[in-house]
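Scroll down for the structure; my scribbles are underneath it.
Residue numbers (this note's numbering), protein chains in the order written: chain P, 1 to 253; chain S, 254 to 609.
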């Protein structure tokens, strides 16, 4: 019998939903049900009458509608939970690279600090993210596995955006992708210590280790129950169904 | 025609010159006329701050009033104020942590300008390496001594820039007691073995600087800055009202604290009287005046309360930002406290851990 997987998140759920629903199901060992809310709706996720659902009415409506269910998540019927997006991204590592060098980077910068300075900044952001709010809430109501998936790296089409290119190019030039990975590893260590499983972006979707190949973001669609529309042209954050399908094929859930 | 011989020389002394009207009858929250600025600072002036723990309040309040408080080593983007404080970001203009003595400030300036280099620059603890001159800014230390020195090199470049570019330097004298490397005279902000390093009586010695040494160190700093800079500098000196956590002088800590603060107040007064470009801001008096009856100290009789800090800074801002004014001072200060909870980083407190 297939396991029941509860998938929750924000707009990044769309790629996984599309990847599962477009064509034949990629796997037969489980069946996912997709829940989610747009923007910061998941920040109000709570337990109401034994069901997990956003407190915010608008978010709750979307949450139920997207799943095709009439109510919130009943934790006891699922064998595992998968949370995606919701701020689980190494933003501070990218944002601070040009200004801060550390013993693990290969570049010169105005300030030289310990790895801990950047690692703690990253953790602080993740720790306070919508992702961790939802993850810890689930931990309170279930002892089933909770998988947290890193948000995909930005699409390589980011080079069409000048400021993003200026942020990314020095990391590539200096070969400092391992530093980004190191910082993410430090987060994963803390997450595992809290009892969470962590899922990484599939290898074949990566460009230069810290970007996503354009073919996995091209044509990505908005997170909607019906009539999905494409994201704006220069969106580099959201991935398409091919990405979702690749994740389903690769992730060990 | 002059005054008659019978007239007392105190006849023309204003009310603020008499204890009864100037102190005893004053509201301790608003002692009138205690601080009168010697010169004006404007929002265009580039302000740098340094000194002991209490100096952190000055920087914070000036920033809240939109003064141009320089920041050469800002925190990483996305780092909270609380985490930034842990790593020594945003406390002062550069990430040097507390500078408790005039000797340490002079030593830092000399190092930044390449005039002299302290010895014993890297301390160890549990296999990690720390900057002996600011051991608290990287609480976990570095993996190697070379990494510490690389970090220091970047820091010194920022300090040099600060010393060259600032228009106003606000320095708070904190202590006369310090620990020094015997052979070289290098002074340290913390006793070896407190945060990192280890104490060896053959290598380190306790020093309790007297008036002449403190004054001389600060005058040397002024001269160094004059020789390196090509524009005028206004300096505001203050004395931290925070008593010593502990003394190594063998005196009672109250006597030792009184000695320290007296020396520092004397030096600040002499600098004020001697130099037109040095002003003295009496934060020490505002907090410790008998009229306050100790109300500006927390129950530990050492930490200054928020009300005390706000009162002192209110007196400062009333002179330098009168338009911001009395009425606006409290709400603005309160809002700062909410966003930036007002905790100060004070390595000296760590000495309490050594009390048996």
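Backbone N, C-alpha and C fix where the C-beta goes; we use that ideal spot for every residue, glycine too.
- Message: I'd like the span of the beta strand (DSSP E) that includes residue 170/P, first residue to last.
- Response: Counted from its first residue, the first chain places residue 170/P at position 170. For residue 170/P, there is no enclosing beta strand (DSSP E); the residue is part of the alpha helix (DSSP H) that begins and ends at 162-173.
- Task: Leaving aside the five residues before and after residue 247/P along the sequence, list all residues of the same chain whose C-beta is less than 7 Å from its C-beta, in chain order.
- Result: Reading the first chain from its first residue, position 247 is the one you call residue 247/P. Taken in chain order, the residues that qualify are 16, 19, 202.
- Task: Name the residue from 449/S, 282/S, 429/S whose alpha carbon lies nearest to the alpha carbon of residue 542/S.
- Result: To locate residue 542/S, count along the second chain from 1; it is residue 289. Selected option, being the one with the closest Cα: 282/S.
- Determine the direct distance from the alpha carbon of residue 571/S to that of residue 565/S, and round the result to whole angstroms. Here residue 565/S refers to the residue found at position 312 of the second chain. Here residue 571/S refers to the residue found at position 318 of the second chain. Distance between the alpha carbons of residue 565/S and residue 571/S is about 10 Å.
- Item | Three-way DSSP call (helix, strand, coil) for residue 73/P in this model | Locating residue 73/P in the first chain gives position 73, counting from the first residue. Secondary structure of residue 73/P (DSSP, three-state): strand.
- Item | Nearest residue (CA-CA) to residue 105/P, options 152/P, 173/P, 25/P, 35/P | Within the first chain, numbered from 1, the residue matching residue 105/P stands at position 105. Ranked by how close their Cα comes to the Cα of residue 105/P, the residues 152/P, 173/P, 25/P, 35/P have 173/P in first place.
- Query: Can you name the residues of chain S whose CB is closer than 8 Å to the CB of residue 264/P?
  - Reply: One cannot answer for residue 264/P here, as it falls past the ends of chain P, which runs 1 to 253.
- Task: Please state whether DSSP places residue 567/S in a helix, a strand or coil.
- Result: As a working note, residue 567/S is residue 314 in the second chain. In the three-state reduction of the DSSP assignment, residue 567/S falls in the helix class.
- Can you list the residues of chain P that residue 395/S reaches, using a CB-CB cut of under 8 Å? Reading the second chain from its first residue, position 142 is the one you call residue 395/S. Residues of chain P whose Cβ lies closer than 8 Å to the Cβ of residue 395/S are, in chain order, 103, 114.
- Message: Just to confirm the assignment, what range does the beta strand (DSSP E) spanning residue 35/P have?
- Response: Counted from its first residue, the first chain places residue 35/P at position 35. Per DSSP, residue 35/P belongs to the beta strand (DSSP E) from 30-36.
- Query: Using a C-beta cutoff of 8 Å, does residue 287/S count as contacting chain P?
  - Reply: Here residue 287/S refers to the residue found at position 34 of the second chain. For residue 287/S, not one C-beta of chain P is nearer than 8 Å to its own C-beta.
- Message: Between residue 336/S and chain P, is the shortest Cβ-Cβ distance under 8 Å, so that the two count as touching?
- Response: The count along the second chain starts at 1 and reaches residue 336/S at position 83. Output row for residue 336/S: interface = yes.
- Which partner residues does residue 5/P have in the DSSP bridge list? Within the first chain, the letter at position 5 stands for residue 5/P. For residue 5/P, which the question treats as bridged, DSSP gives the partners 32/P, 80/P.
- Neighbour flag for residue 583/S against chain P, beta carbons, 8 Å: Along the second chain, read from residue 1 onward, the residue named residue 583/S stands at position 330. Only weak support is given to the placement of residue 583/S: the predicted model assigns it a pLDDT of 37, under 50, and the question is left unresolved by the model.
- Message: Against residue 118/P, what residues of chain S qualify as contacts under a CB-to-CB distance less than 7 Å, listed in chain order?
- Response: The residue you call residue 118/P lines up with position 118 of the first chain. Those are 329, listed as they occur along chain S.
- Task: Label residue 548/S either buried or exposed according to how many other C-beta atoms from any shown protein chain fall within 10 Å of its C-beta, with 16 as the threshold for buried.
- Result: By 1-based counting over the second chain, the position of residue 548/S is 295. Burial call: exposed.
- Going by CA-CA distance only, name the one from 154/P, 50/P, 88/P, 194/P that's closest to residue 235/P. By one-based count along the first chain, residue 235/P stands at place 235. With distances taken between Cα atoms, residue 235/P lies closest to 154/P.
- Query: For residue 313/S, which residues in chain P fall below 8 Å Cβ to Cβ?
  - Reply: One-based indexing of the second chain puts residue 313/S at position 60. Within chain P, no C-beta atom comes less than 8 Å from the C-beta of residue 313/S; the nearest is roughly 21 Å away.
- Item | Any C-beta of chain S under 8 Å from that of residue 142/P | Here residue 142/P corresponds to residue number 142 of the first chain, with the count starting at 1. So no, residue 142/P is outside the interface.
- Query: Taking the alpha-carbon positions, what's the residue 192/P to residue 7/P distance?
  - Reply: Here residue 192/P refers to the residue found at position 192 of the first chain. Here residue 7/P refers to the residue found at position 7 of the first chain. If I take the Cα positions, the gap works out to 19 Å.
- Could you tell me if residue 437/S is buried or exposed, where buried requires 16 or more neighbouring beta carbons within 10 angstroms of its beta carbon? Here residue 437/S refers to the residue found at position 184 when the second chain is read from its first residue. Counting Cβ neighbours within 10 Å, residue 437/S comes out exposed, since fewer than 16 surround it.
- Item | Rounded C-alpha distance that separates residue 553/S from residue 5/P | By 1-based counting over the second chain, the position of residue 553/S is 300. By 1-based counting over the first chain, the position of residue 5/P is 5. The straight-line gap from Cα to Cα measures roughly 56 Å.
- DSSP puts residue 51/P in a beta bridge; with which residues? The residue given as residue 51/P occupies position 51 in the first chain. Paired residues: 48/P.
- Query: How is residue 236/P classed by DSSP in three states: helix, strand or coil?
  - Reply: Your numbering for residue 236/P matches position 236 in the first chain. Coil at residue 236/P, not helix or strand.
- Query: Whose C-beta lies closer than 6 Å to the C-beta of residue 326/S among residues of the same chain, with five residues either side of it excluded?
  - Reply: For the purposes of this step, residue 326/S is taken as residue 73 along the second chain, with counting starting at 1. Only 347, 348, 411 meet the Cβ criterion.
- Query: Taking three-plus beta-carbon pairs below 8 Å as touching, is the stretch 384-401 of chain S in contact with the stretch 497-516 of chain S?
  - Reply: No, the stretch 384-401 of chain S is not in contact with the stretch 497-516 of chain S.
- Item | Short CB-CB distance (under 8 Å) between residue 580/S and chain P | Position 327 of the second chain, counted from the start, is the residue given in the question as residue 580/S. Confidence is the limiting factor: at residue 580/S the pLDDT is only 35, short of 50, which leaves the residue's position unreliable, though a coordinate-based value still follows. It does not; no Cβ of chain P falls within 8 Å.
- Query: Listed in chain order, which residues of the stretch 76-110 of chain P have Cβ atoms closer than 7 Å to some Cβ of chain S?
  - Reply: If the cut-off is 7 Å between Cβ atoms, the stretch 76-110 of chain P has 91, 92, 95, 96, 100, 103, 110 near chain S.
- Task: Please list, in chain order, all residues of the same chain as residue 357/S whose beta carbon is under 8 Å from its beta carbon, the five residues on each side excluded.
- Result: Taking the second chain and counting its residues from 1, the one referred to as residue 357/S is at position 104. Within the same chain, Cβ atoms closer than 8 Å to the Cβ of residue 357/S are found at 386, 431, 440, 441, 442, the five residues on either side in sequence being excluded.
- Item | Chain-ordered residues of the stretch 122-151 of chain P with a beta carbon less than 9 Å from chain S | Result list: 122, 124, 125, 128.
- Message: With the cut-off set at 8 Å, would you say residue 352/S and residue 407/S are in Cβ contact?
- Response: Indexing the second chain from 1 puts residue 352/S at position 99. Indexing the second chain from 1 puts residue 407/S at position 154. Their beta carbons are not under 8 Å apart, which means residue 352/S does not touch residue 407/S by this criterion.
- Quick one: residues in its chain with C-beta nearer than 7 Å to the C-beta of residue 170/P, no 5 flanking neighbours on either side, listed in chain order? Within the first chain, residue 170/P is the residue found at index 170, counting from 1. Sequence-distant partners of residue 170/P (beyond 5 residues in either direction) whose C-beta falls short of 7 Å from its own C-beta, in its chain, are 97, 98, 107.
- Message: So, with DSSP's three-state summary, where would you put residue 215/P?
- Response: The sequence position of residue 215/P within the first chain is 215, counting from 1. Reduced to three states, the DSSP call for residue 215/P is helix.
- Task: Return yes when the Cβ of residue 290/S is within less than 8 Å of the Cβ of residue 573/S, no when it is not.
- Result: Taking the second chain and counting its residues from 1, one reaches residue 573/S at position 320. Taking the second chain and counting its residues from 1, one reaches residue 290/S at position 37. Contact: yes.
- Message: Rounded to whole angstroms, what is the Cα-Cα separation between residue 198/P and residue 183/P?
- Response: Translated into positions along the first chain, residue 198/P becomes position 198. Translated into positions along the first chain, residue 183/P becomes position 183. The alpha-carbon separation between residue 198/P and residue 183/P amounts to approximately 14 Å.
- Task: In the DSSP assignment, find the unbroken alpha helix (DSSP H) run with residue 407/S in it and report its ends.
- Result: Indexing the second chain from 1 puts residue 407/S at position 154. For residue 407/S, the enclosing alpha helix (DSSP H) stretches over residues 398-418.
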